[in-house]
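Written below as structure tokens is the structure these notes are about.
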Amino acid sequence: MSQQNSIVDALRLEGNALHKECHYAAAYKKYTEAIDHKPTGNTLAVLYSNRAACSIQRKDYLDAVHDGQQATKADPTFAKGFIRTATAADAVDLWIISLAAWKSALALVRNGDPALRAQCESRIKSVAAAQSKREIEFKNGFFGGYAVQQPNDLPWARSAMLLASNRLPEDSSGHVILEAARNFEEGKQTLKQLQVTTLNGQTLAKPAGSVLIPFVNAILMDERVFHIDTPDFLIKLGQQIEAEISNTRGWSSSGPKDLMKEVLERLEADGWDALRPALTTTVRAWIWRAFMDSKTNMPVRADEYYKRIIEVLEWGAREFGDTPQDQRGAVFLPTFIRGVRNLRLANMIAVYRVEDSAGAGKYTLDNIVQLARDMKQEIESAAPLSANATYTPGFVAAFTKYPMAQALSLIAWYHMQRGIDITRTETDDAVAADTSQVEFVESAKYYRGAADQFPSDDESHLLMLTMALEAQWRGGAPLSITLPLAFRVRDTLPKASSIWKATMHVQLKNTVQQASAFLEFCQGKMVDGTWSKWDSLGPEIYTPAYTRQMEKVGYNAQRDVNGPKAKVGGDDDEDEGVDSDVEGPEESGSESESEAEPAAAGGGGCVLG
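Position in the sequence shown (first residue = 1) + 8 = my numbering.
Below, the structure is given as structure tokens:
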């Protein structure tokens with residue numbers, strides 16, 4: 009045995025001893041040292057296999073997949089290398105890679121080892137069944153009939169059915185939308201009782217109660233609850249609101265400064281019993297008007313109302329901070345003000361994108377991100393809410409986690425826009441990639457933070473994950489980062505569809521399909537050894553050159569999920585970097601409990617650049 013071989017063998021034995029003692033990180037290093045001496049053939053295959061076993065124990069499954077593949081590349085007859093690859097692939101639902109590896113292992117197993125043959129045959133059947141099951145789950149989540157919204161398919165109806173059958177998790181988005189829907193339904197029932205008569209040519213409306221209180225409470229909890237299911241809804245609502253303002257002696261046209269002055273005067277003259285309903289009705293009417301403007305393509309005007317409302321509410325919170333809540337009402341509570349701020353933030357991107365003269369240049373990116381940071385800081389510094397007799401789980405989520413998610417997502421959007429701006433203006437692709445990468449990495453971080461604030465069955469959780477994936481693609485992140493994130497995107501769809509299937513936007517579903525196709529295509533390339541986890545690959549539409557080209561023709565490619573696929577980065581040489589596999593007893597990776605499998609959407613052509 010040569011001196012070189014002796015060193016390699018000694019390092020392997022040291023690694024085996026460390027592995028036996030469960031010192032997996034140290035064992036990994038020993039195998040790496042041995043690999044660095046550049047052995048060949050079966051010796052190299054064993055080292056990679058052993059290092060993969062370390063990675064499996066450390067749950068670094070992509071590392072283990074790569075090392076298993078390197079083992080079988082060094083020695084195509086080494087069955088254990090295929091088993092390592094398959095075991096690691098099983099743990100992260102890389103079904104295509106797993107199935108190919110188990111089949112290769114089975115072909116190499118000797119007839120004299122019936123137990124191992126049985127294991128391979130069993131795993132082939134299990135993997136095929138799991139792949140088929142998750143393909144069905146994915147398709148059921150994907151093809152949701154977006155345009156057909158039957159009453160029983162709406163999110164609050166699906167949530168109610170899950171709750172009635174004790175299948176609605178405690179941390180589900182269903183609790184938030186259900187509570188919002190109860191408020192909205194209360195308002196609808198009250199509105200139906202509105203009596204409208206005509207006297208001497210004048211229309212007179214007699215409300216049966218307030219609709220502004222339940223309607224505004226509903227949209228502050230979750231604005232997605234808003235829907236119109238009768239043709240005369242808006243006409244009757246306008247009559248109702250006008251009557252409520254008149255009956256409570258509210259203000260219909262005053263600006264913030266005049267209102268503050270008149271509030272103090274009326275308080276002194278009439279006291280809280282007269283002022284409270286007038287002020288409550290006025291503030292809620294303003295909120296409703298701003299909300300409706302935001303929903304009818306008038307975001308700039310909506311923002312003006314939101315600013316007016318927040319100015320009055322913050323003033324009232326300071327001015328009447330020592331007044332008991334039962335006297336001043338709920339509109340000056342921190343959670344109420346936070347809810348209005350949340351609605352304003354939700355409208356800000358639309359304000360920024362307005363191209364007509366009324367909105368041009370109204371806010372810079374820095375202006376908008378500061379509003380988001382202010383919201384984030386306010387929530388972090390506020391006293392925590394907890395679910396109890398006063399606060400329901402839905403209320404707590406709606407006024408803490410959801411506004412925080414809104415703030416984080418807007419910060420993420422800010423970094424995304426900065427990165428895109430760099431790619432639009434920098435003509436050198438290499439420079440554009442380097443300088444924009446920091447922004448895209450920050451964007452992905454904040455989008456993932458926003459996703460984690462939403463319940464895992466909320467469509468917004470899924471949306472934030474897709475945006476994080478887009479940011480990583482734009483930033484040229486390696487497959488070791490984008491693959492796990494794409495898995496999260498794909499596997500979240502069935503869970504979100506359990507509640508949001510009927511209303512989930514088709515664009516979001518398209519993005520999930522894009523992620524699924526990306527996963528399937530990448531696995532195929534990893535099976536044949538073309539790509540490794542260090543390669544930076546993704547859809548072509550997220551490359552700087554493509555973005556600039558589309559800008560020239562006035563086309564926004566940012567969300568076009570059907571564009572051609574190509575490189576984001578990397579090079580054409582096959583990656584020869586290290587990855588792990590271990591000799592010894594077979595290590596079993598834990599089965600993933602994710603809920604979806606890629607649909608057969610076709611690879612479509614991500615290629616190395």
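Idealized CB from N, CA, C, for every residue including glycine.
Using alpha carbons as the reference points, say which of the options lies closest to residue i.
| i | options | result |
| --- | --- | --- |
| A94 | L353, W539, I507 and M534 | M534 |
| D465 | T51, S506, W296 and T511 | S506 |
| W421 | K46, E548, V348 and G457 | G457 |
| L242 | K303, I43, A282 and F340 | K303 |
| L124 | A113, K133 and S134 | A113 |
| A619 | H469, G532, V449 and M383 | The question about residue 619 has no answer here: the residues shown for the chain are numbered 9 through 617. |
| S488 | Q515, N518, H513 and L527 | L527 |
| L212 | G182, R59 and N255 | N255 |
| A82 | Y56, D17 and L107 | Y56 |
| R59 | G23, S524, C30 and N13 | G23 |
| L516 | T474, K196, A390 and A286 | T474 |
| R316 | I357, D266, W542 and A338 | D266 |
| Q247 | T198, G279 and M268 | T198 |
| V54 | A405, Q77 and F299 | Q77 |
| A441 | G483, A413 and T400 | G483 |
| L491 | Y69, I15 and S14 | Y69 |
| Y550 | T398, L186 and F448 | F448 |
| L102 | R496, W508, Y36 and S544 | R496 |
| A137 | A282, D98, N160 and G120 | D98 |
| Y313 | F299, N50 and F529 | F299 |
| A459 | R92, L170 and S181 | S181 |
| D237 | F192, A485 and M268 | F192 |
| L275 | G324, N305, G217 and H235 | G324 |
| R326 | M268, K141 and T398 | M268 |
| H423 | T398, S394 and Q378 | Q378 |
| N160 | W508, T538, S524 and A525 | W508 |
| A109 | V100, D121, F90 and N119 | F90 |
Less than 8 angstroms between the C-beta atoms of residue i and residue j, yes or no?
| i | j | result |
| --- | --- | --- |
| L220 | R292 | yes |
| E194 | P264 | no |
| L418 | I376 | yes |
| K409 | Q461 | yes |
| K244 | L207 | no |
| A87 | L116 | yes |
| P289 | I253 | According to the sequence displayed, residue 289 carries Thr and not Pro. Closer than 8 angstroms, so yes. |
| Q11 | Y32 | no |
| H74 | K453 | no |
| E434 | T443 | yes |
| N355 | A310 | yes |
| A189 | V233 | yes |
| P307 | V362 | yes |
| L628 | A494 | In the structure displayed, the chain extends from 9 to 617; residue 628 sits before or after that span and is not available. |
| S262 | E250 | no |
| A413 | L353 | no |
| K38 | L19 | yes |
| W34 | L26 | One point to set straight first is that residue 34 is Ala, not Trp, in the sequence displayed. Yes. |
| E178 | P411 | no |
| L373 | R426 | yes |
| G532 | I104 | yes |
| P342 | A390 | yes |
| W2 | Q335 | Since the first residue of the chain shown is 9 and the last is 617, residue 2 is not available in this structure. |
| W481 | P547 | yes |
| L321 | V359 | no |
Quickly, what does DSSP pair residue i with across the bridge? List them, please.
| i | result |
| --- | --- |
| L416 | The partner list for L416 (beta bridge, DSSP) is empty, contrary to what the question assumes. |
Is residue i close to chain C? Criterion is C-beta to C-beta, closer than 8 angstroms.
| i | result |
| --- | --- |
| V348 | Going by chain labels, chain C is absent from the structure shown, which holds only one protein chain. |
*asked:* For the pair the region 163 to 175 and the region 124 to 135, tell me if three or more CB-CB distances fall below 8 angstroms.
replied: Result no; under three Cβ-Cβ pairs closer than 8 angstroms.
*asked:* As an exercise, report each continuous alpha helix (DSSP H) stretch of at least 4 residues that is fully enclosed by the region 174 to 201, in chain order.
replied: 181 to 200
*At least 3 beta-carbon pairs within less than 8 angstroms: the region 460 to 478 vs the region 491 to 509*: Result yes; three or more Cβ-Cβ pairs closer than 8 angstroms.
*In chain order, which continuous runs of the alpha helix (DSSP H) of length 4 or greater are located wholly inside the region 202 to 279?*
220 to 229, 241 to 256 and 264 to 278
*May I have a chain-ordered list of the beta strand (DSSP E) segments no shorter than 3 residues that lie completely inside the region 40 to 82?*
none
*Entirely within the region 286 to 361 and at least 4 residues each: give me those alpha helix (DSSP H) ranges in chain order.*
As summarised for the region 286 to 361, the continuous alpha helix (DSSP H) elements at least 4 residues long and confined to that stretch are 307 to 327, 333 to 336 and 342 to 361, given in chain order.
*Would you call the region 32 to 52 and the region 505 to 520 in contact, with 3 or more CB pairs under 8 angstroms?*
No: fewer than three Cβ pairs fall under 8 angstroms.
*Cβ pair count under 8 angstroms reaching 3, the region 295 to 313 against the region 224 to 231*: yes
*Complete beta strand (DSSP E) runs within the region 451 to 528 (minimum length 3 residues, chain order)*: The qualifying runs do not exist here; there are none.
*Report the residue ranges of all alpha helix (DSSP H) runs contained in full by the region 71 to 138; include only those spanning at least 4 residues, in chain order.*
Runs of the alpha helix (DSSP H) inside the region 71 to 138: 87 to 99 and 103 to 116.
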